[in-house]
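Okay, structure first, notes after.
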Amino acid sequence: MPKPLLSADAIFDEALCVLAEEGAAGLTIRNLAGRLRCSNKTLYQQVGAHEVLVRGVVARAFAQLELGFSNDAPWEAAVESWCTALRAELLDHPDLCKLMTTADRDVVVDHVGQLMAVLERDGFTHGQAVRAGGILAHVTLSMTLSDVAAPGQWDDPRVFATTVQWLIQGMALMRSQTSSPRRNQSRSASGRSRRRAVKRSVS
Numbered sequence: 020m021p022k023p024l025l026s027a028d029a030i031f032d033e034a035l036c037v038l039a040e041e042g043a044a045g046l047t048i049r050n051l052a053g054r055l056r057c058s059n060k061t062l063y064q065q066v067g068a069h070e071v072l073v074r075g076v077v078a079r080a081f082a083q084l085e086l087g088f089s090n091d092a093p094w095e096a097a098v099e100s101w102c103t104a105l106r107a108e109l110l111d112h113p114d115l116c117k118l119m120t121t122a123d124r125d126v127v128v129d130h131v132g133q134l135m136a137v138l139e140r141d142g143f144t145h146g147q148a149v150r151a152g153g154i155l156a157h158v159t160l161s162m163t164l165s166d167v168a169a170p171g172q173w174d175d176p177r178v179f180a181t182t183v184q185w186l187i188q189g190m191a192l193m194r195s196q197t198s199s200p201r202r203n204q205s206r207s208a209s210g211r212s213r214r215r216a217v218k219r220s221v222s
């Protein structure tokens with residue numbers, strides 16, 4: 020009786036184990052095939068080329084992250100908490116950072132959507148929340164990935180904290196320039212439209 024073909028889910032689950040146990044260097048088709056006791060051809064058939072495998076691993080790893088940010092706090096504290104939590108998760112997973120490229124920006128969409136909900140709750144228009152969420156995600160990812168790849172004087176936590184405070188000040192100014200009627204209208208944006216907007220903002 021022929022051996023059942025491995026599912027893509029099983030392959031990605033094992034790939035996540037490889038990443039946790041052996042780091043980014045261990046995430047090769049040959050190594051993964053050996054652990055799964057299958058042929059390289061089977062992996063290519065089920066998940067595609069190595070690059071597709073890596074992008075899928077990054078997406079699944081991010082989907083498992085739980086950002087414990089203060090979403091019930093005022094927006095300023097929530098923003099600071101969100102950026103700090105995302106950075107902390109990335110620093111706790113340096114091998115995941117090593118795999119990430121600009122092609123992986125969409126993996127933060129759900130997390131940005133959670134932050135946008137807080138901003139819209141506290142009076143930002145939908146458009147402002149989209150713009151702010153995209154910028155905060157970009158800055159947090161860029162600074163953290165850079166710090167992991169090339170540690171040095173700029174990876175001082177105070178540098179990141181100061182940058183986030185500057186962004187919060189800019190957001191406060193942007194929010195103050197918006198009239199109340201427009202802020203109220205922004206709260207009607209659906210979760211689906213928020214997700215589409217976030218994907219555009221981080222792409």
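Remember, this note's numbering sits 19 above the position in the sequence shown when you count from 1. Ideal Cβ positions, reconstructed from N, Cα and C, are used throughout, including at glycine. Note that the structure is a prediction, hence the values are computed from the model and not measured.
Residue i to residue j span [Cα, whole Å]
i, j, result
"Gln204", "Thr144", "Bear in mind that the predicted position of Gln204 carries a pLDDT of just 48, short of 50, making it unreliable; the figure below should be weighed with that in mind. The straight-line gap from Cα to Cα measures roughly 7 angstroms."
"Glu99", "Gly87", "12 angstroms"
"Met135", "Gly153", "9 angstroms"
"Ala27", "Val66", "6 angstroms"
"Gly53", "Val76", "18 angstroms"
"Glu40", "Asp174", "26 angstroms"
"Ala151", "Leu110", "23 angstroms"
"Glu33", "Thr181", "39 angstroms"
"Thr61", "Thr159", "37 angstroms"
"Ala156", "Ala80", "17 angstroms"
"Cys116", "Ala68", "20 angstroms"
Cβ-Cβ separation, residue j to residue i (assumed contact under 8 angstroms), whole Å
i, j, result
"Asp123", "Arg74", "7 angstroms"
"Leu46", "Leu38", "6 angstroms"
"Gln147", "Arg194", "7 angstroms"
Pick from the options that is closest to residue i, judged by C-alpha positions
i, options, result
"Leu164", "Arg106, Gln188, Gly146 and Ala151", "Arg106"
"His84", "Asp129, Trp94 and Asp166", "Before going on, a small fix: residue 84 reads as Leu here, not His. Nearest of Asp129, Trp94 and Asp166 to Leu84, Cα basis: Asp129."
"Leu278", "Leu25, Leu35, Pro170 and Ala29", "With the chain represented from 20 up to 222, any question about residue 278 goes unanswered, as that position is not in the structure."
"Phe179", "Val71, Val127 and Met162", "Met162"
"Tyr63", "Pro93, Ala169, Glu139 and Ile30", "Ile30"
"Leu227", "Val167, Leu72 and Trp101", "The structure shown does not extend to residue 227, since the chain is modelled only from 20 through 222, so no value can be given for it."
"Ala78", "Arg177, Ala43, Val127 and Leu55", "Val127"
"His112", "Leu192, Ala43, Gln184 and Ala191", "Ala43"
"Asp120", "Ser58, Arg49, Val71 and Arg140", "Inspection of the sequence shows that residue 120 is occupied by Thr rather than by Asp. Ranking the options by Cα distance to Thr120, first place goes to Val71."
Residue i burial status per 10 Å Cβ neighbour count (16 or more: buried)
i, result
"Leu51", "buried"
"Gly189", "exposed"
"Gly132", "buried"
"Val196", "Note on residue identity: the sequence assigns Gln, not Val, to residue 196. Exposed, by the Cβ-count rule."
"Asp91", "exposed"
Secondary structure of residue i, DSSP reduced to three states
i, result
"Asn90", "coil"
"Phe179", "helix"
"Glu85", "coil"
"Gly146", "helix"
"Thr197", "coil"
"Thr159", "helix"
"Gly153", "helix"
Any C-beta of chain D under 8 angstroms from that of residue i
i, result
"Ala44", "Among the chains in the structure shown there is no chain D, since it carries only a single protein chain."
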